[in-house]
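For the sequence shown, position 190 (counting from the first letter as 1) is numbered 190 according to UniProt numbering, and the numbering increases by one without interruption. C-beta: ideal position from N, C-alpha, C; glycine also. None of the values given here were measured: they were computed from a predicted structure. Scroll down for the structure; my scribbles are underneath it.
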Amino acid sequence: MTQVSSTRDPLDLLIEWARAGQPCALATVTSTWGSSPRPAGSMMAVCANGRIEGSVSGGCVEGAVVEEAGRIMATGHPATLSYGVSSDDAWAVGLACGGLLDVYVVAVRTPTHPQGTLDLTILETVAEKRRARVPVIVATDLATGTSRLLYQTDATPGDGATPDLDTRLAARAREVFETGRSLRLEDGAGQALWFLHLIPMPPRMLIVGAVHIAQVLAPMAQTTGFSVTVIDPRTQLATAERFPGITLETDWPDETLARLGVDNQTAIVTLTHDAKLDDPTLQYALNGDAFYIGALGSRKTQASRVERLHAAGFSAGQIARIHGPVGLAIGAVGAAEIALSILAEIVAVRHNKPLGRISGWT
């Protein structure tokens, strides 16, 4: 029986299975047309013992992919699987308006299962880079299943054996890094040659202020896939008892941000109402790449905050990046609903779907 889990990362679990000596395979969406619930780059890990993790279609083709993965684990030969659903049948299988998708399945190569073509060391390096929040592309030769890693600093990826192809790989890799979307590299006849899979860094939320709202917001954000850290030098507030399972930092916020680094997959929220903590946080954040910066407070509090930032030399354009007062206008009352409004706004901004704003929390 196939055992489905929804609580682990497919890549991490695939590595765990491979290290334990289990035959396993990785299925990745490489292209979609029409309506598809999972974009290119979506992953599903498949183990020979029947366990799977992740999704390539939202449920409509997973069974067929698992069956093919079993054959690929046995033979070691990777394959592109193509699936299409008509508009009449789409609703029943999860494709709202009909669609097509290609799924590439490759077996993992380990000392105990040398027939695979995706080397375990590649996966381990990718996992290490992701933990370090270093963007990386896994470029897979779709004919052979072999892969190489590409980084933003790579001007001419590869070993130069096929300079024309390597030049095209470099150009498309730059496009992938710039757009944040995985894609296929095809030849002039439309034949897929490579899949450039940008491994997503987990979105991260840095919450400044170990206050009551943070106690609700932090675990809520975790359930939606954010890696969460709560920052507050007030050690009587930043305790494991108040924030079970949440990473805590008790250095000053700007020092912590400098140490952790701020990338374009980071959201920063200040909840302290204390300028000594909020202002250094916002000043550091405005000089970084965070996709979201939010600050709790009334409109009066926000106006005072803007004046201080202007005095510190920040332009109106820079200050406009701050979502303040923080959160969506859903009429929230109490810590739980305020946390919900904040998380909803962060998700909307992350997906470029800005919605209404709140009237100001006091």
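- In the DSSP assignment, Leu277 falls within the alpha helix (DSSP H) that extends over Ala275 to Leu286.
- With a cutoff of 7 Å on beta-carbon distance, Pro23 and Met73 are scored as near each other.
- Per DSSP, Leu260 has no beta-bridge partner at all.
- A contact is defined here as three or more CB-CB pairs under 8 Å, and the stretch 228–235 fails this definition with respect to the stretch 164–178.
- Taken through DSSP and simplified to helix, strand or coil, Ala132 comes out as coil.
- Going by beta carbons, Ala339 and Ile213 fall inside the 7 Å limit.
- Across the structure, Met220 and Ala295 are spaced so that their CA atoms are roughly 18 Å apart.
- Scanning its chain for C-beta atoms nearer than 8 Å, with the 5 sequence neighbours on each side dropped, one finds around Glu68 the residues Ala79, Leu81 and Val105, in chain order.
- Straight-line spacing of the CA atoms in Thr121 and Thr140 works out to 14 Å.
- Per the coordinates, the alpha-carbon of Leu123 lies some 11 Å from the alpha-carbon of Thr110.
- Residue environment for Arg131: exposed (fewer than 16 other C-beta atoms within 10 angstroms of its C-beta).
- For the set Asp12, Pro325, Tyr292 and Thr75, the Cα lying nearest the Cα of Gln302 is the one of Pro325.
- Taken in chain order, the unbroken stretches of beta strand (DSSP E) that lie wholly in the UniProt domain "XdhC Rossmann" (205–346) and span 3 residues or more are 227–231, 247–249, 266–270 and 292–295.
- In the three-state reduction of the DSSP assignment, Ala25 falls in the strand class, which pools E and B.
- Val138 and Ser227 have their C-alpha atoms some 23 Å from each other.
- Excluding its 5 nearest sequence neighbours in each direction, Leu142 has C-beta neighbours in its own chain below 7 Å: Thr80, Tyr104, Ala192, Leu193, Trp194 and Phe195, listed in chain order.
- With fewer than 16 other Cβ atoms inside 10 Å of its own Cβ, Ser315 counts as exposed.
- According to DSSP, Asp102 shares a beta bridge with Ser31 and Ser82.
- Ranking Ala20, Gly261, Thr125 and Ala27 by CA distance to the CA of Gly70 puts Ala27 first.
- In the three-state reduction of the DSSP assignment, Leu196 falls in the strand class.
- Excluding the 5 residues flanking it on each side, Arg350 has same chain C-beta neighbours closer than 8 Å at Pro203, Ala267, Phe291 and Tyr292, in chain order.
- A direct Cα-to-Cα measurement between Ala18 and Phe177 gives close to 28 Å.
- Per DSSP, the beta bridge partners of Leu150 are Ile137.
- Per the DSSP secondary-structure output, Met43 pairs in a beta bridge with Thr28.
- Secondary-structure assignment with DSSP links Glu186 through a beta bridge to Ala192.
- In the displayed model, Val108 falls within a strand according to three-state DSSP.
- Taking a contact as a CB-CB distance under 8 Å, the pair Thr224 and Val347 counts as one, their CB atoms being some 7 Å apart.
- The beta carbon of Thr32 lies closer than 8 Å to those of Arg38, Pro39, Ala40, Gly99, Leu100, Leu101 and Asp102 in the same chain, with the five residues before and after it left out.
- The DSSP-derived three-state label of Leu118 is strand.
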